[in-house]
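First residue of the sequence shown: 1, per my numbering; consecutive thereafter. Backbone N, C-alpha and C fix where the C-beta goes; we use that ideal spot for every residue, glycine too. Structure record follows, encoded as structure tokens.
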Amino acid sequence: MQYDYDLFVIGAGSGGVRASRMASQLGAKVAVAEDLYLGGTCVNVGCVPKKLFVYGSHVSEEIEAAAGFGWNIDQVEFNWPTLRDNKTKEIQRLNGIYKNILSGAGVELIEGRAVIKDAHTVVVAGREFSAERILVAVGGWPKVPDIPGAEHIISSNEAFYLEDFPKRVMVLGGGYIAVEFAGIFNGLGAQTQLIYRGPMFLRGFDEEVRAHVKTEMSQKGINLRFNINIVSVSKLDSGELEVKLTDGTKSIVDCVMAATGRTPKTEGLGLENTAAVIDKRGCIEVNDSYQSAEPSVYAVGDVIGRMELTPVALAEGMALVRHLYADVPINVDYDNIATAVFSQPNIATVGLTEERACEVYPQLAIYTSSFKHMKHTLSGLQERTFMKLIVDRVSDRVIGCHMVGSDAGEIIQGIAIAMKAGATKAHFDQTIGIHPTAAEEFVTMREATRLIG
Ligand SMILES: Cc1cc2nc3c(=O)[nH]c(=O)nc-3n(C[C@H](O)[C@H](O)[C@H](O)COP(=O)(O)OP(=O)(O)OC[C@H]3O[C@@H](n4cnc5c(N)ncnc54)[C@H](O)[C@@H]3O)c2cc1C
1 MQYDYDLFVI GAGSGGVRAS RMASQLGAKV AVAEDLYLGG TCVNVGCVPK KLFVYGSHVS
61 EEIEAAAGFG WNIDQVEFNW PTLRDNKTKE IQRLNGIYKN ILSGAGVELI EGRAVIKDAH
121 TVVVAGREFS AERILVAVGG WPKVPDIPGA EHIISSNEAF YLEDFPKRVM VLGGGYIAVE
181 FAGIFNGLGA QTQLIYRGPM FLRGFDEEVR AHVKTEMSQK GINLRFNINI VSVSKLDSGE
241 LEVKLTDGTK SIVDCVMAAT GRTPKTEGLG LENTAAVIDK RGCIEVNDSY QSAEPSVYAV
301 GDVIGRMELT PVALAEGMAL VRHLYADVPI NVDYDNIATA VFSQPNIATV GLTEERACEV
361 YPQLAIYTSS FKHMKHTLSG LQERTFMKLI VDRVSDRVIG CHMVGSDAGE IIQGIAIAMK
421 AGATKAHFDQ TIGIHPTAAE EFVTMREATR LIG
């Protein structure tokens with residue numbers, strides 16, 4: 001049977017671009033369909049613009065710290081359209097780079113929404129394409145709570161393009177996106193509250209990390225409100241939003257942003273025309289080779305709901321096409337994947353939390369350190385850095401490493417390599433630190449804070 005393509009990829013996001021480019025380089029005839037933006041969520045409404053906004057909002061702290069270092073900054077003014085539009089220009093530049101990457105690799109880009117017609121056929125804007133294999137890399141889409149006045153609630157997608165910068169913001173949610181946006185809005189000068197229905201945000205992170213971040217965010221002026229939810233939102237004649245909360249109170253704000261989860265973008269994709277199975281979260285079920293129940297249909301990235309992170313989507317896309325077109329066994333290792341939250345201060349983590357480690361290992365040593373970063377001895381800021389190592393006392397292996405503090409992601413990335421290589425606490429102790437840095441604390445923690453088991 002002759003097909004138009006060896007591989008038809010749906011979605012030119014993190015996973016889709018990497019998979020299509022590599023498959024083409026390995027000799028496959030590849031097309032990729034994209035209906036919104038090149039580069040997907042990460043480049044357009046995710047990691048990249050978010051990090052640019054985090055940098056932008058953190059400038060306010062640098063300005064606050066400046067006086068202690070002898071700088072007299074008389075007039076300080078923040079201009080939202082400048083930040084927003086500079087960010088958009090950078091995204092457009094990246095979109096162009098993605099286009100060139102695809103064409104340079106010989107991948108055909110087909111613009112429009114793709115619908116799967118059958119196991120080997122995809123339809124885009126009325127045109128039919130046949131392919132030996134179809135790769136679904138459609139990512140996800142933000143969910144907004146289904147409550148009266150939901151039309152007044154924005155998601156992270158819109159937060160990147162706000163016409164006016166709001167004076168008062170309510171962020172809903174307890175995950176990393178909510179925490180990051182609360183920090184962004186607060187740093188840029190909005191009166192910010194974070195509303196979370198549970199008792200504590202950042203579920204799944206180490207308890208001490210969560211507690212430390214809670215203290216720091218509160219100290220920076222964010223109003224953290226737990227065990228509370230919103231009931232409704234209504235727009236007043238003044239244009240302000242009145243939010244009713246479950247404790248019976250009302251709050252008047254200019255912007256309500258929900259970061260209450262994301263849904264895989266499988267609706268209307270035509271998967272029902274194949275044997276592929278969608279689970280109750282809306283994710284496509286795949287086996288260890290990213291193959292769905294329909295043998296010619298594969299899926300990677302957020303749409304399979306394993307770990308919704310860009311580097312994971314990239315790794316899955318790469319592993320799949322190497323497997324299909326170079327006969328390399330699938331080798332994605334989901335253990336010890338380091339992650340960061342670009343809250344202010346940053347969080348970064350690799351390996352197990354203390355709570356999880358206690359379930360798995362009988363004897364643990366926990367090393368913790370909480371200290372004022374050298375910078376803040378003069379900055380006047382009260383921010384404290386927190387570091388934690390979790391060690392299996394039987395093997396001496398470091399099985400968890402956590403940090404809350406400036407550049408945590410940059411520091412933990414290196415430690416993740418050491419942990420992948422099986423580093424023990426003795427290896428950490430034998431490592432001579434770089435002085436003066438905050439990171440050296442990770443190799444100078446000698447006394448366990450507590451022993452478990
Ligand atoms: C606010 C925010 C911040 C984030 N920050 C980070 C971070 O700091 N670090 C990190 O690692 N991850 C972060 N992520 C997660 C990261 O963006 C995703 O894990 C990653 O983009 C997933 O890649 P993907 O290839 O699965 O999907 P996506 O990148 O979402 O790409 C899917 C693409 O498919 C297209 N598409 C969908 N349906 C169709 C169709 N039917 N036809 C044609 N095209 C279609 C979409 O338009 C999109 O371009 C963040 C996400 C958000 C929302």
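With Leu378 as the anchor, note down where its alpha helix (DSSP H) starts and where it stops.
The count along the sequence shown starts at 1 and reaches residue 378 at position 378. Element bounds for Leu378: His376 to Ser379.
Just checking Thr310 against ligand 1 - is the residue's beta carbon closer than 6 Å to any of the ligand's heavy atoms?
For the purposes of this step, residue 310 is identified with residue 310 of the sequence shown, where counting begins at 1. Yes, the Cβ of Thr310 comes within 6 Å of a heavy atom of ligand 1.
Look at Asn157 and Ile91 and say whether their C-beta atoms are less than 7 Å apart.
Here residue 157 corresponds to residue number 157 of the sequence shown, with the count starting at 1. Here residue 91 corresponds to residue number 91 of the sequence shown, with the count starting at 1. At a Cβ-Cβ threshold of 7 Å, Asn157 and Ile91 do not count as neighbours.
Would you list, in sequence order, the uninterrupted alpha helix (DSSP H) runs of no fewer than 4 residues that lie entirely inside the segment 418–446?
425–430
How big is the Cα-Cα spacing for Tyr3 and Ala426?
By 1-based counting over the sequence shown, the position of residue 3 is 3. By 1-based counting over the sequence shown, the position of residue 426 is 426. Distance between the alpha carbons of Tyr3 and Ala426 is about 57 Å.
According to DSSP, which residues form a beta bridge with Asn223?
Within the sequence shown, numbered from 1, the residue matching residue 223 stands at position 223. Paired residue(s): Gln193.
Closest to Val54 by C-alpha separation, out of Phe160, Arg322 and Ser379, would be which residue?
Start at 1 with the first residue of the sequence shown, and residue 54 comes out as number 54. Each of Phe160, Arg322 and Ser379 was checked against the Cα of Val54, and the nearest Cα belongs to Phe160.
Is Trp80 helix, strand or coil when you go by DSSP?
Here the question's residue 80 lines up with position 80 in the sequence shown. Helix at Trp80.
In or out: Tyr334 buried (at least 16 other Cβ within 10 Å) or exposed?
As a working mapping, residue 334 is identified with position 334 in the sequence shown. With fewer than 16 Cβ atoms within 10 Å of its Cβ, Tyr334 is classed as exposed.
Just to confirm, is the Cβ distance from Ala23 to Tyr290 under 7 Å?
Taking the first residue of the sequence shown as position 1, residue 23 is located at position 23. Taking the first residue of the sequence shown as position 1, residue 290 is located at position 290. For Ala23 and Tyr290, no; Cβs fall outside 7 Å.
On the DSSP letters alone, give me the boundaries of the beta strand (DSSP E) that Tyr367 sits inside.
Within the sequence shown, numbered from 1, the residue matching residue 367 stands at position 367. Per DSSP, Tyr367 belongs to the beta strand (DSSP E) from Leu364 to Lys372.
Between His402, Asp327 and Asp392, which lies nearest to Ile347 when the distance is taken from Cα to Cα?
The residue you call residue 347 lines up with position 347 of the sequence shown. Nearest of His402, Asp327 and Asp392 to Ile347, Cα basis: His402.
With burial defined as no fewer than 16 other Cβ atoms inside 10 Å of the residue's Cβ, what is the status of His212: buried or exposed?
Residue numbering aside, residue 212 sits at position 212 when the sequence shown is read from its first letter. His212 is buried by the Cβ-count criterion.
Thinking just about the alpha-carbon of each residue, which of His120, Gly422 and Thr437 is nearest to the one in Asp407?
Position 407 of the sequence shown holds residue 407. Checked all of His120, Gly422 and Thr437; the closest Cα to Asp407 is Thr437.
Do the CB positions of Ala33 and Ile10 come within less than 7 Å of each other?
For this step, residue 33 is matched to residue 33 along the sequence shown. For this step, residue 10 is matched to residue 10 along the sequence shown. Yes, Cβ-Cβ distance for Ala33 and Ile10 is below 7 Å.
Specify the secondary structure class of Val9 as computed by DSSP and reduced to three states.
The count along the sequence shown starts at 1 and reaches residue 9 at position 9. Strand, per DSSP.
According to DSSP, what are the bridge partners of Phe386?
Residue 386 sits at position 386 when you count from the first residue of the sequence shown. Phe386 pairs with Ser370 and Val404.
Among residues of its own chain, excluding the 5 on either side of Ser60, which ones have a beta-carbon nearer than 6 Å to its beta-carbon?
Counting from one through the sequence shown, the residue named residue 60 turns up at place 60. Here the set comprises Gly187.
Have a look at Phe181, Ser57, Ile153 and Asp429 and flag the residue whose alpha-carbon is nearest the alpha-carbon of Val341.
The residue given as residue 341 occupies position 341 in the sequence shown. It is Phe181.
Name the DSSP beta bridge partners of Ser251, please?
Start at 1 with the first residue of the sequence shown, and residue 251 comes out as number 251. Paired residue(s): Val243.
Sort Glu294, Met257 and Pro264 by Cα distance to Ala275 and report the nearest one.
Along the sequence shown, one-based indexing puts residue 275 at 275. Considering only alpha carbons, the answer is Glu294.
Whose CA, out of Glu128, Val115, Gly39 and Leu271, lies closest to the CA of Tyr98?
Sequence index remark: in the sequence shown, residue 98 carries index 98 (1-based). With distances taken between Cα atoms, Tyr98 lies closest to Gly39.
Just mark Ala125 as buried or exposed, buried being the case when its beta carbon has 16 or more other beta carbons within 10 Å.
As a working mapping, residue 125 is identified with position 125 in the sequence shown. Exposed: under 16 other Cβ atoms inside 10 Å.
Could you give the residue range of the alpha helix (DSSP H) that holds Met170?
One-based indexing of the sequence shown puts residue 170 at position 170. That residue, Met170, is in no alpha helix (DSSP H); its beta strand (DSSP E) goes Arg168 to Leu172.
Are the beta-carbon atoms of Leu314 and Arg21 separated by less than 7 Å?
Position 314 of the sequence shown, counted from the start, is the residue given in the question as residue 314. Position 21 of the sequence shown, counted from the start, is the residue given in the question as residue 21. Going by C-beta atoms, Leu314 is not nearer than 7 Å to Arg21.
Buried or exposed for Thr249, going by 16 or more other Cβ atoms inside 10 Å?
Residue numbering aside, residue 249 sits at position 249 when the sequence shown is read from its first letter. Per the 10 Å Cβ criterion, exposed.
Would you say Thr41 touches ligand 1, meaning its beta carbon is less than 6 Å from a heavy atom?
The residue given as residue 41 occupies position 41 in the sequence shown. Thr41 Cβ: within cutoff of ligand 1.
Would you identify the three-state DSSP class for Leu109, choosing helix, strand or coil?
In the sequence shown, the residue the question calls residue 109 occupies position 109. Residue state, collapsed to three classes: strand.
For a quick check, are the C-beta atoms of Gly400 and Leu352 less than 7 Å apart?
Your numbering for residue 400 matches position 400 in the sequence shown. Your numbering for residue 352 matches position 352 in the sequence shown. Result yes, Cβ atoms of Gly400 and Leu352 sit closer than 7 Å.
By DSSP, does Phe185 sit in helix, in strand, or in coil?
Along the sequence shown, read from residue 1 onward, the residue named residue 185 stands at position 185. Assignment of Phe185 by DSSP, reduced to helix, strand and coil, places it in the helix class.
Compare the C-alpha of Pro166 against each of Glu111, Trp80 and Val332 and name the closest.
Your numbering for residue 166 matches position 166 in the sequence shown. Among Glu111, Trp80 and Val332, the Cα nearest to that of Pro166 belongs to Trp80.
Between Leu102, Phe129, Ser103 and Ala105, which has its C-alpha nearest Val115's C-alpha?
In the sequence shown, residue 115 corresponds to position 115, counting from 1. Answer by Cα proximity: Phe129.
Since Ala365 and Leu451 should fall inside the 8 Å C-beta cutoff, what is the C-beta to C-beta distance between them, to a whole number of angstroms?
Walking along the sequence shown from the start, residue 365 turns up at place 365. Walking along the sequence shown from the start, residue 451 turns up at place 451. Indeed, because the Cβ distance is near 6 Å, the residues count as touching under 8 Å.
What number of angstroms, rounded off, separates the C-alpha of Ile390 from the C-alpha of Ile417?
Walking along the sequence shown from the start, residue 390 turns up at place 390. Walking along the sequence shown from the start, residue 417 turns up at place 417. Each residue's alpha carbon lies about 16 Å from the other.
Can you name the start and end residues of the alpha helix (DSSP H) that Ile452 belongs to?
Translated into positions along the sequence shown, residue 452 becomes position 452. It is not in any alpha helix (DSSP H) - Ile452 instead sits in the beta strand (DSSP E) that spans Arg450 to Ile452.
Taking the alpha-carbon positions, what's the Pro145 to Thr444 distance?
Residue numbering aside, residue 145 sits at position 145 when the sequence shown is read from its first letter. Residue numbering aside, residue 444 sits at position 444 when the sequence shown is read from its first letter. Cα-Cα distance, rounded: 46 Å.
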